[in-house]
Each structure stands twice: as structure tokens, then as C-alpha cells.
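*Asks:* Questions regarding the structure given below will be posed in turn.
Residue numbers (our numbering): 423 to 600.
See below:
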């Protein structure tokens with residue numbers, strides 16, 4: 423696979439998915455510093471401060487865009503409202519993950535962002551198969567992924583959540599086929 427020049431902007435009807443910038447730090451920290459946001463992710467700590475956001479952005483800037491990509495989900499009136507990304511040890515195991523700030527839940531933004539990102543992954547990376555998982559107690563995330571075209575595999579894995587004290591939580595696995 424040839425190297426991808428990662429400066430894409432994915433435009434959906436109401437959103438833009440773009441490369442994270444240093445200017446996003448405060449906004450991302452503000453939205454991520456919510457236990458109900460953080461507890462639905464595997465790696466996000468709670469409380470979540472500016473230092474965490476700065477570390478996250480530094481980590482993202484060091485990613486190999488042939489294997490992993492992170493987008494800031496940007497609303498034209500509200501700025502950065504969340505994050506969506508792809509990572510995995512190989513192209514056969516690439517997984518999508520995302521989070522949105524609480525004020526933007528229930529408006530269809532996560533589904534819209536996921537649909538745009540999936541089109542990008544298929545067109546840019548040639549992915550025809552992607553994975554996802556959501557904690558069993560996060561039914562809304564399951565609905566987002568289902569609306570974006572993911573199907574349940576029947577597999578449930580135990581995955582830790584840093585915000586939940588590192589305790590494993592049942593995670594329902596899903597797959598998307600282009």
C-alpha cells in the first residue's frame with residue numbers, strides 16, 4: 423500500500439471530519455471531561471483535562487496514516503464536537519471508534535460522521551471489511567453503528583475501560599462489509 427497523505431476533509435450534510443489541530447485541545451478536553459462520555463470508551467480517562475487532550479493530539483500526530491487515522495468531528499456552528507477514528511494491528515482488523523460530547527447526543531451526528539468515515543475508508547484505503555464494538559450498556563452506540571451499516575457478529579468480548587477503573591466490560595462486536 424502506498425503512503426496516504428493525510429489531510430482529508432470529509433464533508434457530510436451537517437459536519438466536517440478533519441485532521442485534529444492544536445486549536446481543538448480545549449474544546450475536546452471540555453467534551454471529554456464527562457464521565458458518561460469517557461466510560462463508554464476503552465482508553466479515555468476520567469477526569470479528562472487539557473494535558474490528556476494535548477497527549478492525545480501528540481499521539482495522533484505520530485500515527486501511520488496507512489494504518490490508523492483520527493478525525494475531529496466538526497460542526498460548523500459549534501466547532502469540534504467529538505472524535506472518530508480507525509485503528510488496528512492490520513487492515514483485516516481495522517476498527518472504528520468514536521465519541522461525541524453530550525450536548526450532541528441524539529441528533530444523528532455520530533451516524534452521519536460514521537457513514538462519511540466509512541465511505542472514506544473504502545475509497546481511500548480500499549477497506550471492504552471493518553470492525554466495531556460497543557459496550558453492552560451503551561445501546562445508543564449500537565444503534566449508531568447499525569444505522570451506519572454494521573451487523574452484529576454474535577461475539578462478546580471483555581474490554582477494559584480506563585474511566586471505569588480499568589474493569590472489563592462486555593463489548594458487543596460488529597462488522598461492516600462494503
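Note that CB positions come from ideal geometry on N, CA and C, so glycine has one too.
1) By a C-beta neighbour count over all protein chains shown, 10 Å radius and 16 as the cutoff for buried, is residue 514 buried or exposed?
2) Taking all protein chains shown into account, do 16 or more other C-beta atoms lie within 10 angstroms of the C-beta of residue 437, making it buried, or fewer, making it exposed?
3) Near residue 425, what residues of its chain come up, given a Cβ to Cβ distance below 8 Å and the 5 sequence neighbours on each side ignored?
4) Answer yes or no: do residue 503 and residue 519 have a C-beta to C-beta separation smaller than 8 Å?
5) In this structure, what does DSSP give as the bridge partners for residue 471?
6) Cα separation between residue 573 and residue 483?
7) Pop quiz: residue 532 and residue 566 are said to be a contact at Cβ under 8 Å. What is the actual Cβ separation, rounded to whole angstroms?
8) Here's the rule I'm using: 16 or more other beta-carbon atoms within 10 Å means buried, otherwise exposed. How should residue 477 be labelled?
*Replies:* In short:
1) exposed
2) buried
3) Bear in mind that the predicted position of residue 425 carries a pLDDT of just 49, short of 50, making it too unreliable to give a figure here.
4) no
5) DSSP output for residue 471 lists no bridge partner at all.
6) 31 Å
7) 4 Å
8) exposed
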